[in-house]
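What follows is a single structure, written as structure tokens, with notes after it.
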Amino acid sequence: MFSGDYDKALAALILANSAKDIGLDATIFFAFWGLFLIRDPKKFSVEDKTQYEKMFGMVTPKGPEELPLSRMNMSGLGKKMLEKMMEDDDTPLLSNFLQEARNNGVEFFGCQLSVEVMGIKKEELLAEVEIITAQDYLKDALNSNIQLFI
Amino acid sequence: MFSGDYDKALAALILANSAKDIGLDATIFFAFWGLFLIRDPKKFSVEDKTQYEKMFGMVTPKGPEELPLSRMNMSGLGKKMLEKMMEDDDTPLLSNFLQEARNNGVEFFGCQLSVEVMGIKKEELLAEVEIITAQDYLKDALNSNIQLFI
Amino acid sequence: MFSGDYDKALAALILANSAKDIGLDATIFFAFWGLFLIRDPKKFSVEDKTQYEKMFGMVTPKGPEELPLSRMNMSGLGKKMLEKMMEDDDTPLLSNFLQEARNNGVEFFGCQLSVEVMGIKKEELLAEVEIITAQDYLKDALNSNIQLFI
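Chains as they are written, first to last, in UniProt numbering: chain D, 1 to 150; chain U, 1 to 150; chain G, 1 to 150.
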């Protein structure tokens, strides 16, 4: 998962959870903007970061609820409307799908190059996230039946 | 197909049609914004919808010709320019590619969760579209050689 | 590669280079906005183009350094910030990753329909780029283990 959009994160998590539901293994490799989904909102830190990394960390979304829509976000209005529609249908919100994925045992990996460039510390991410390289991701992807770039 | 962009819809349909041309089966699973491509412009209805669903249905694109470009759309100017360039090269427009896909027997599925959340009725979509779950999509994708998230 | 964004081009090239590093073959099929990455900045020409094609060629990015970020570009400010962060971590810039891919023997193809519609001439692209159809791309993709739409 490369995107940091609320709607694309929904798609990724719903697919991962559905895969688990039919007995498949599912892994998500979070790179670049995708890492915002697995930031722990309570663990943001500025320690040991450059000025740019501090600023970048502050202005970008921390965790699922802060992600914007990929389109029609309209400063959050469009997103609020979508959330209302989801609630009306008793559809869980993004943070629920994220929690479900964690309970389901969907494996979460973070891209090493991305966390280094963005100055995100392992401690700022969900506890179970392991940091791996793009090479490691590819080796894993080689053995899977479906690979999607979201 | 997750995106609701004119250019990405072009890519999806050209790939699906090219697959058919070389003897492969092709299936498109439309989720979220992607559903706008297969709305029948003549069948928009507000019946049996919540206020949010009505509003959402009205402000979003109905069918291929209303989709915006993913970038350089410039309130439709960029899209018009692209369409002119396509015509100059005798390239069919998006609605032609869509019709070709339908004639070719490309299979169209709609995402159940998406239509429920957005309040889109089966009757508002192209007649042949079948509604399936993400689990059904994954089972189908497992048996295919190429899967792309567009 | 369909996108013409700096960050998505980074992702595509890093994956292709990583694939080469672990002994895999890697091919990139550039379509639509993706073609901007492999335009040779020194070879832009208006010869034998329609008015629209000239205009389009002029206002769109020519080569890796002119690509914008997919989000937070902020008229180039966000991109400059990202580049600073990459330099601070001794991470190469996009043009370096592109050069590495060329040195590594990552194969580059351009989409025939895209170059025709956009009026981009083969001579304006990096010298090694071969122009192929979507059908050719699919035949190649059928024989590969990982396919991503970026």
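We treat Cβ as the ideally placed atom computed from N, Cα and C, and that holds for glycine. Nothing here was measured: the structure is a model prediction, and the numbers come from that model.
**Item:** Touch test, the segment 13-26 of chain G against the segment 133-148 of chain U, Cβ-Cβ under 8 Å, three pairs minimum
**Value:** no
**Request:** Look at Lys-42(G) and Val-106(G) and say whether their C-beta atoms are less than 8 Å apart.
**Result:** no
**Asked** Where does Arg-39(U) fall in DSSP's three states?
**Response** Per DSSP, reduced to three states, the secondary structure at Arg-39(U) is strand.
**Message:** List, in chain order, every chain D residue whose beta-carbon is nearer than 7 Å to that of Val-46(U).
**Reply:** In chain order: nothing, as chain D lies at least about 15 Å away.
**Euclidean distance between Cα positions of Gly-76(D) and Gly-23(G)** = The straight-line gap from Cα to Cα measures roughly 45 Å.
**Request:** Starting from Gly-110(G), follow its DSSP beta bridges and name the residues at the other end.
**Result:** Note: Gly-110(G) sits in a beta bridge opposite Phe-30(G), Ile-131(G).
**Request:** Take the Cβ of Met-118(G) as the centre, count every other Cβ of all protein chains shown within 10 Å, and call the residue buried at 16 or more, exposed below.
**Result:** buried
**Message:** Less than 8 Å between CB atoms is the rule here; does Ser-18(G) satisfy it with respect to chain D?
**Reply:** yes
**Message:** I need the straight-line Cα distance from Phe-2(D) to Glu-47(G), nearest angstrom please.
**Reply:** 38 Å
**Request:** Could you list which residues in chain G have their beta carbon closer than 9 Å to that of Lys-79(U), in chain order?
**Result:** Under the 9 Å cutoff, chain G gives no residues; its nearest Cβ is about 12 Å from Lys-79(U).
**Request:** Under 6 Å Cβ to Cβ from Asn-130(U), same chain only, skipping five residues before and after it: list those, please.
**Result:** Correcting the residue identity first, residue 130(U) is Glu in this sequence and not Asn. Around Glu-130(U): Phe-109.
**Item:** Interface flag, Ala-31(D) vs chain G, CB-CB below 8 Å
**Value:** Against chain G, the CB of Ala-31(D) has a partner CB under 8 Å away; the residue lies at that interface.
**Prompt:** Which residues of chain U have a Cβ atom closer than 9 Å to the Cβ of Val-117(G), listed in chain order?
**Reply:** Leu-82, Met-85, Met-86, Asp-88, Asp-89, Thr-91
**Backbone CA spacing between Pro-64(G) and Phe-30(D) [nearest angstrom]** = 24 Å
**Cβ-based contacts, 9 Å cut-off: residues of the segment 65-77 of chain U near chain G** = Ser-70, Arg-71, Met-72
**Message:** Can you pull the chain G neighbours of Ala-134(D), defined as C-beta to C-beta under 7 Å?
**Reply:** Ile-14, Leu-15, Ser-18
**Asked** According to the neighbour-count rule (16 or more other Cβ atoms, all chains shown, within 10 Å of its Cβ), is Ser-45(U) buried or exposed?
**Response** exposed
**Prompt:** Would Phe-56(D) count as contacting chain G if we go by Cβ distances under 8 Å?
**Reply:** yes
**Span of the alpha helix (DSSP H) around Ser-70(D)** = Ser-70(D) -> no alpha helix (DSSP H), and no H or E assigned at all.
**Message:** If distances are taken between C-alpha atoms only, which option among Gln-51(U), Gln-135(U), Met-86(U), Leu-94(U) comes closest to Asp-88(D)?
**Reply:** Gln-51(U)
**Request:** Kindly list, in the order they appear in chain U, the residues whose Cβ is closer than 9 Å to that of Asp-7(D).
**Result:** Phe-2, Phe-32, Trp-33
**Residues bridged to Leu-125(D) (per DSSP)** = Arg-39(D)
**Message:** Strictly under 8 Å for the Cβ-Cβ distance: is Ile-146(D) near chain U by that measure?
**Reply:** Chain U contact via Cβ: present.
**Asked** Using a C-beta to C-beta distance shorter than 8 Å, which residues of chain D count as neighbours of Leu-138(U)?
**Response** Leu-15, Ser-18, Ala-19, Ile-22, Leu-24, Ile-146
**Request:** Below 8 Å on the Cβ atoms is my guess for Ser-18(D) versus Gln-135(U); work out the distance and round it to an integer in Å.
**Result:** 5 Å
**Item:** Given Leu-35(U) as reference, the closest of Asn-96(U), Cys-111(U), Asn-103(U) once Cα atoms are compared
**Value:** When the alpha-carbon of Leu-35(U) is set against those of Asn-96(U), Cys-111(U), Asn-103(U), the nearest one is in Cys-111(U).
**Prompt:** How about Asp-5(U) and Leu-94(U): are their beta carbons less than 8 Å apart?
**Reply:** no
**Asked** Which word fits Ala-127(G), buried or exposed, when buried means at least 16 other C-beta atoms lie within 10 angstroms of its C-beta?
**Response** exposed
**Request:** Measure how close the beta-carbons of Leu-37(D) and Leu-98(D) come, nearest whole angstrom, since I'm counting them as under 8 Å.
**Result:** 7 Å
**Request:** Taking 8 Å as the cut-off, decide whether the C-beta atoms of Trp-33(U) and Arg-102(D) are in contact.
**Result:** no
**Item:** Rounded Cβ spacing between Asp-40(G) and Glu-124(G) (contact assumed at less than 8 Å)
**Value:** Contact holds; Cβ gap of about 6 Å.
**Under 7 Å from the C-beta of Ile-150(G): neighbouring residues of chain D** = Phe-149
**Prompt:** Quick one: does Ala-11(G) have its CB under 8 Å from some CB of chain D?
**Reply:** True, the Cβ-Cβ gap to chain D drops below 8 Å.
**Request:** Determine the burial state of Lys-122(D): buried for a count of at least 16 other Cβ atoms within 10 Å of its Cβ, exposed for fewer.
**Result:** exposed
**For Val-117(G), the three-state DSSP class (helix, strand or coil)** = Val-117(G): helix per DSSP, three-state reduction.
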